[in-house]
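Numbering (full-length UniProt numbering), first residue to last: 1 to 765.
What follows is a single structure, written as C-alpha cells, with notes after it.
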C-alpha cells in the first residue's frame, strides 16, 4: 500500500474485522514498515481478573508515523500488510486503511475523539518555540469505562494496548479527568505521543470487581466499552512565576518578623518607662514596701476563709530569713543536674498534698510550691525530647519520600502519588514543588515563635537578677520548656508536611499528621500547666501517649474501613481514657491511675450520686469535664456508627475539639474571675479565630484523596487559584501556619495581665 508523505506528519490507521469466533485459528495481521513491525490477531484477546477474557472481532490500530526529513523531503514509502491464518477453512475478513487528518494536536485547541479497548488512539504534539512546559488536560462526561492516558517518546513501536501501555513513558489512569505536565527538557526531539487506552475492566478505577466464575462464562465477546474523550494541551507557567511564588512565600512570612520587631521595640520603650517610674517609687518608699506591701509578711493570706492554709506556719513555706534576702546568682541556670525523682522539692509537706490539692478553693500558690529550678528542668525535657524525636523521625521519612519520588520518575507511574495534577508544578526531580514550597510558613513562623520565647526567657532571667527573689510569688510561673517544644513541633510539621507532599499516598499519610497530634497535645498540656505547674504530666508520659495515638491512627487507617471490631475496641478505649483522665483532672492528680481506678471511681459515683446525692465540690471543673466527656462520647458514637474512612482526620478532629473546648473554658473562667485580656492577647484571639475560619474553608476543599483510587482522586483536582501557582491546599498551608502561630501567641500572652498579681490571689481552674 504506497502513500505519499506531506510536510506535516502523516499517520495511517488500519481497521480490520473478522466474523470468525474460532480462537484456535485466529487471523494474524502483520504490518511491516520502514522502521518497525506491528502485529495483532483477530479475535483480539484481553485478559482480566480471575482468568476472564474479553474478545473483540473489530480492531483498529494507528501505525507508527513516518516523518519527512529536510534532506529527503516528501516522498513515497511502502507498507506491507500480511494476513495469515492456520485455519483449515476459509475465514472472511475486512481490511481498511485510512489517513489520519488530525494526527498532530495544536496548543490551546480542544480535540474530541472516541476510543475502545480494541481501538486505542494516540496523537502527536510538538512544543512551540516559546513554550517549555505544557499541561495535557483530558476530560470525559462518563466515569466508565476506565482509561489510561500515557505520554511516550517518539519511538516505534508505540505501546497502545492494555497489557503494554505501562511499558514506556509517563501514564495515569482516568475516569472523568486527567492531567499530565510535560516539560520540553524531557524530550530531546521536542515532541511526544499522547496515547489513550481503554481498559477491559474498571476495577483499577474504582469500579466493581468481577466475580470469580469458572467455565466458558468467563469469555466475553465484543463488549461495548467506547468512551468519548476530549484532549486540550495548554502552556504551563513560565519560570518567572516560580520566582514570584517563592518571593511571595518568603516575604509573606518575613512580614511577621517585621511585625514582631515593631512590637518588641514598642514593648521595650514602654517597659523602660515603667521601670524608671517603678525604681523612683522604690527609692521614695524605702523599707515600707518590705514591711507593708510584701505578700510574705501577711500572717494570713487573703482568701484563707475559703480553705487556704496559713503559709507562714507551713514548714515548707517561705518565711523570711537572712540568707533568702539575697537573690541567688544562678537561680535559673542549668548547672544543676538534679531530677525531680532524685530531689524531692517539698518533702515536709508531702503528707499535706491531699489536704492542699483537695481544697474547695484552690489558688496558684497551692500548686506552685515545688522548687522552680527543678520544675523548670522538668519542662525543658519536653524541648530536648521533641528534638530527639524530630531527628529520628525525620531522617527515615526524608529517605523514604526520596525513594518514592525516584520510583515515580523512573517508572512514570503517576498513580503512585495523589497530587492535584491540575496544579502540580514540577521543579527538578520534584513533581509538585508548589505543595512543598507552601509549607515554608510553618518553618519560618515556628522559628519566629522560638525567637519570641527566647526573648521572653532572657527578659525573665534578667528580671530575676534585678528584682528581689520574693517577686517570684507574682504572676504565672514562667516555665518555657513547653513553649520551646511547641515551636519545634510547628517547624517539624512544616518539614514533615513537605515530605508528605513529595508523594502523598496511603503509605505515608502519618507524616502529615503525626506532629499535628503533638501540637494539639502540647497546647493542651501548656494550657493546663499554666495554673497547675506542680502536677502537669511529665515529658515521658506525654510523648508516650502521643506514640499510642499515632499507633492507633495507623491501625485505624489499615483496619478501620470495614472492620467493626476495630471501631468497637477503639470506642471503648476512647471512652475509658476520657473517664480516667477526667478523674485525674477532677481530683488534681490525687486519684491514682492504676487497674483499680474504675472500681474506685464507681464507688465514689455510687456514694456521692446514688446513695447520697450531693453538690459537686468542684463545680467549675465538673461542668468542664461533663461537657468534655459528652463531646468525646459523641465522637466515639459517631465513629462507631458511621466509621469515617479518613481515620487520621477523625483523630485530629478529636484533639482539636478538646483543645478548643478547654481554651474556651479557660478564657470564660478567666473573665469570670475578673481578670483582664490585654490588647495583644485579645488581638491574637481575634486573629486566631479569623485565620482559622479561613484556613478551614480551604482545608475542606478536597483536591485529592488517597482513600480512593488514583483515577477517582483526580476527579477532585482543580486549577490553581493563587498566582497561577498555588492551589486551595497550598492556601490552607499558608493560613494554617499563621493560625497556629497566632494560637501559640494566645497561650504565650494570655495571662500577661497577672504578672503583678500575687499567686495566692490567682484562682485555679
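Ideal Cβ placement from N, Cα and C applies to all residues, glycine included.
Taking a contact to mean a Cβ-Cβ separation below 8 Å, would you say residue i touches residue j in this structure?
i	j	result
residue 546	residue 481	no
residue 133	residue 83	no
residue 695	residue 736	yes
residue 718	residue 420	yes
residue 486	residue 519	yes
residue 534	residue 758	no
residue 81	residue 31	yes
residue 12	residue 95	no
residue 570	residue 653	no
residue 206	residue 707	no
residue 436	residue 498	yes
residue 198	residue 110	no
residue 739	residue 686	no
residue 764	residue 532	yes
residue 766	residue 138	Limits of the chain in this structure are 1 at one end and 765 at the other, which puts residue 766 out of reach.
residue 176	residue 143	yes
residue 161	residue 196	no
residue 681	residue 418	no
residue 99	residue 191	no
residue 43	residue 103	no
residue 193	residue 124	yes
Which of the three DSSP states is assigned to residue i in this structure?
i	result
residue 13	strand
residue 758	strand
residue 180	strand
residue 751	coil
residue 437	helix
residue 264	helix
residue 363	strand
residue 403	helix
residue 701	coil
residue 722	strand
residue 513	helix
residue 632	helix
residue 368	coil
residue 505	coil
residue 420	coil
residue 113	strand
residue 413	strand
residue 215	Reliability of the predicted coordinates at residue 215 is poor, the pLDDT of 48 falling under 50, and the value obtained from them is presented with this limitation in mind. Residue 215 falls in the coil class under three-state DSSP.
residue 18	strand
residue 241	helix
residue 643	coil
residue 141	coil
residue 706	coil
residue 131	coil
residue 442	helix
residue 494	helix
residue 729	helix
residue 206	coil
residue 157	coil
State the beta-bridge partners of residue i as determined by DSSP.
i	result
residue 233	107 and 136
residue 198	147
residue 221	55
residue 191	126
residue 474	758
residue 228	114
residue 448	DSSP output for residue 448 lists no bridge partner at all.
residue 763	363
residue 152	193
Over what stretch of residues does the beta strand (DSSP E) that includes residue i continue unbroken?
i	result
residue 122	121 to 126
residue 173	170 to 174
On the DSSP letters alone, give me the boundaries of the alpha helix (DSSP H) that residue i sits inside.
i	result
residue 817	Because residue 817 is not part of the residues shown, which for the chain are 1 to 765, the question remains open.
residue 166	Segment: none, residue 166 is in no alpha helix (DSSP H) and carries neither H nor E.
residue 558	539 to 559
residue 657	647 to 672
residue 576	564 to 586
residue 426	Here residue 426 belongs to no alpha helix (DSSP H), and DSSP marks it neither H nor E.
residue 714	710 to 714
Complete alpha helix (DSSP H) runs within the stretch 20 to 102 (minimum length 4 residues, chain order): none
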